[in-house]
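J.:
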Amino acid sequence: EAGVAQSPRYKIIEKRQSVAFWCNPISGHATLYWYQQILGQGPKLLIQFQNNGVVDDSQLPKDRFSAERLKGVDSTLKIQPAKLEDSAVYLCASSPRGPHTDTQYFGPGTRLTVL
Amino acid sequence: AQSVTQLDSQVPVFEEAPVELRCNYSSSVSVYLFWYVQYPNQGLQLLLKYLSGSTLVESINGFEAEFNKSQTSFHLRKPSVHISDTAEYFCAVTQKTSYDKVIFGPGTSLSVIP
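Next comes the structure, spelled out in structure tokens:
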């Protein structure tokens, strides 16, 4: 079974530029998560989708971050414009159903550096 | 709101020695608890979780964790570590409500010394 795929693996941009990350979850998984992991900290949930609906985006900085999950499969996370403090690893995860007791399966992450 | 504390950011230990990685949480309601592990150059993966029942849970590679409600702890232990256990370990908590996000601790970096 293929795991969670993310691209790109690395991205370097200057502040005020835009960037987009892509995630393809494990086939058949209903729930998709985007996390931000700043160096030295644990992952912080940005947004959670159940199929193509948003379950939780309470920690998503909506003035600059946006995410979509069209057709309930893959997803894109966008930052526009980027700030220095957005430098982090962006993790995508998926789980089979949706309860918060489900095991989450993580992708390798995208390391973003904002200069 | 719930939170997770992992007091030890780095834990060096010699091969075949025992190890304990500490995790404490705070929550006003009952919780579910998890340990995730991130091996070098790999994504996070679930190591073990406590949902209900026996307070002692085990993983397939010899780790165990015990849920202690009175001390609000979920420490991870292994009696004899291997080089391959070198990784970052994250404790996580979510509240036993209809829905709650999973909150991760800051992580503990375990380095096994040959």
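So the protein sequences, as listed, match chains A and B.
At position 58 of the first sequence the residue is numbered 58 (my numbering), and the sequence of numbers has no breaks.
At position 28 of the second sequence the residue is numbered 1028 (my numbering), and the sequence of numbers has no breaks.
Don't be surprised by glycine CBs; every beta carbon is placed ideally from N, CA and C.
Only a predicted model underlies this, so the values are computations on that prediction, with no experimental measurement involved.
Do serine 1030 of chain B and serine 1003 of chain B have their beta-carbon atoms positioned less than 8 Å apart in this structure?
T.: Position 3 of the second sequence, counted from the start, is the residue given in the question as residue 1003 of chain B. Position 30 of the second sequence, counted from the start, is the residue given in the question as residue 1030 of chain B. Result no, Cβ atoms of serine 1003 of chain B and serine 1030 of chain B do not sit closer than 8 Å.
J.: Does DSSP classify glycine 107 of chain A as helix, strand or coil?
T.: As a working mapping, residue 107 of chain A is identified with position 107 in the first sequence. Of the three classes helix, strand and coil, the one that applies to glycine 107 of chain A here is coil, per DSSP.
J.: Assuming valine 1011 of chain B contacts threonine 1108 of chain B under a Cβ cut-off of 8 Å, what Cβ separation, rounded to an integer in Å, is found between them?
T.: As a first step, residue 1011 of chain B must be located in the second sequence, where it is residue number 11. As a first step, residue 1108 of chain B must be located in the second sequence, where it is residue number 108. About 6 Å separates the two Cβ atoms, so the contact holds.
J.: Grab me the residues of proline 81 of chain A's own chain with a C-beta within less than 6 Å of its C-beta, minus the 5 sequence neighbours each way, in chain order.
T.: Taking the first residue of the first sequence as position 1, residue 81 of chain A is located at position 81. Counting only Cβ-Cβ distances below 6 Å, and skipping sequence neighbours, we find Arg16.
J.: For the beta strand (DSSP E) containing tyrosine 10 of chain A, list its first residue and its last residue.
T.: Sequence index remark: in the first sequence, residue 10 of chain A carries index 10 (1-based). Per DSSP, tyrosine 10 of chain A belongs to the beta strand (DSSP E) from 10-13.
J.: Would you decide whether leucine 1033 of chain B is buried or exposed? Buried here means 16 or more other CB atoms lie within 10 Å of its CB.
T.: Walking along the second sequence from the start, residue 1033 of chain B turns up at place 33. Leucine 1033 of chain B comes out buried.
J.: For a contact meaning CB atoms closer than 8 Å, what does valine 1102 of chain B contact in chain A?
T.: Within the second sequence, the letter at position 102 stands for residue 1102 of chain B. Result: Leu45, His100, Gln104.
J.: Determine, using beta carbons only, whether alanine 88 of chain A and glutamine 37 of chain A come nearer to each other than 8 Å.
T.: Start at 1 with the first residue of the first sequence, and residue 88 of chain A comes out as number 88. Start at 1 with the first residue of the first sequence, and residue 37 of chain A comes out as number 37. It is a contact, given that the beta carbons lie within the stated cut-off.
J.: So, does the region 16-29 of chain A touch the region 1074-1086 of chain B, judging by three or more C-beta pairs under 8 Å?
T.: no
J.: Any Cβ of chain A within less than 8 Å of the Cβ of glutamine 1045 of chain B?
T.: Here residue 1045 of chain B is taken as the residue at index 45 of the second sequence, counted from 1. Chain A contact via Cβ: present.
J.: Using 8 Å as the limit for Cβ to Cβ distance, is aspartate 56 of chain A near chain B?
T.: Position 56 of the first sequence, counted from the first residue, corresponds to residue 56 of chain A. True, the Cβ-Cβ gap to chain B drops below 8 Å.
J.: From what residue to what residue does the beta strand (DSSP E) around tyrosine 1050 of chain B run?
T.: Indexing the second sequence from 1 puts residue 1050 of chain B at position 50. Residues 1045-1050.
J.: So which of B/Val1057, B/Phe1067, B/Leu1046 has the shortest CA-CA distance to glutamate 1023 of chain B?
T.: Counting from one through the second sequence, the residue named residue 1023 of chain B turns up at place 23. The amino acid occupying residue 1023 of chain B in the given sequence is cysteine; glutamate does not appear at that position. Closest by C-alpha distance to cysteine 1023 of chain B, out of B/Val1057, B/Phe1067, B/Leu1046, is B/Phe1067.
J.: Compare the C-alpha of tyrosine 105 of chain A against each of A/Asn24, A/Gly40, A/Leu60, A/Leu70 and name the closest.
T.: Stepping through the first sequence from its first residue, residue 105 of chain A is reached at position 105. Measuring from the Cα of tyrosine 105 of chain A, the nearest candidate turns out to be A/Asn24.
J.: List, in chain order, every chain A residue whose beta-carbon is nearer than 7 Å to that of threonine 1086 of chain B.
T.: To locate residue 1086 of chain B, count along the second sequence from 1; it is residue 86. Residues of chain A passing the Cβ test: none, with the nearest at roughly 18 Å.
J.: Starting from glycine 53 of chain A, trace the beta strand (DSSP E) in both directions and tell me its first and last residue.
T.: In the first sequence, residue 53 of chain A corresponds to position 53, counting from 1. Start and end: 53-56.
J.: Can you tell which of B/Gly1062, B/Gln1045, B/Phe1074 has its C-alpha closest to the C-alpha of threonine 1055 of chain B?
T.: By one-based count along the second sequence, residue 1055 of chain B stands at place 55. For threonine 1055 of chain B, the nearest C-alpha among the options comes from B/Phe1074.
J.: Using a Cβ-Cβ cut-off of 6 Å (strictly less than) and excluding sequence neighbours within five positions of serine 1059 of chain B, which residues of its own chain qualify?
T.: Start at 1 with the first residue of the second sequence, and residue 1059 of chain B comes out as number 59. Counting only Cβ-Cβ distances below 6 Å, and skipping sequence neighbours, we find Leu1047, Leu1048.
J.: Taking 6 Å as the limit between beta carbons, can you name the residues of its chain near glycine 109 of chain A, skipping five residues before and five after?
T.: Within the first sequence, residue 109 of chain A is the residue found at index 109, counting from 1. Within the same chain, glycine 109 of chain A has close Cβ partners Val89, Leu91.
J.: Following a CB-centred definition, is glutamine 17 of chain A positioned closer than 7 Å to any heavy atom of the ligand FAD?
T.: In terms of ligand content, the structure shown is empty, and the ligand FAD therefore cannot be addressed.
J.: How many angstroms separate the CA atom of isoleucine 12 of chain A from the CA atom of leucine 1051 of chain B?
T.: The sequence position of residue 12 of chain A within the first sequence is 12, counting from 1. The sequence position of residue 1051 of chain B within the second sequence is 51, counting from 1. Going by the C-alpha atoms only, they are around 40 Å apart.
J.: Are the CB atoms of leucine 45 of chain A and serine 75 of chain A within a distance shorter than 8 Å?
T.: Residue 75 of chain A sits at position 75 when you count from the first residue of the first sequence. Residue 45 of chain A sits at position 45 when you count from the first residue of the first sequence. Result no, Cβ atoms of serine 75 of chain A and leucine 45 of chain A do not sit closer than 8 Å.
J.: Using a Cβ cut-off of 7 Å, pull out every chain A residue sitting near glycine 1105 of chain B, in sequence order please.
T.: On the second sequence, position 105 is the one that residue 1105 of chain B refers to. Residues of chain A passing the Cβ test: Gly42.
J.: State the DSSP-derived secondary structure class of isoleucine 26 of chain A, mapped to helix, strand or coil.
T.: Residue 26 of chain A sits at position 26 when you count from the first residue of the first sequence. The answer is coil: DSSP assigns isoleucine 26 of chain A none of H, G, I, E or B.
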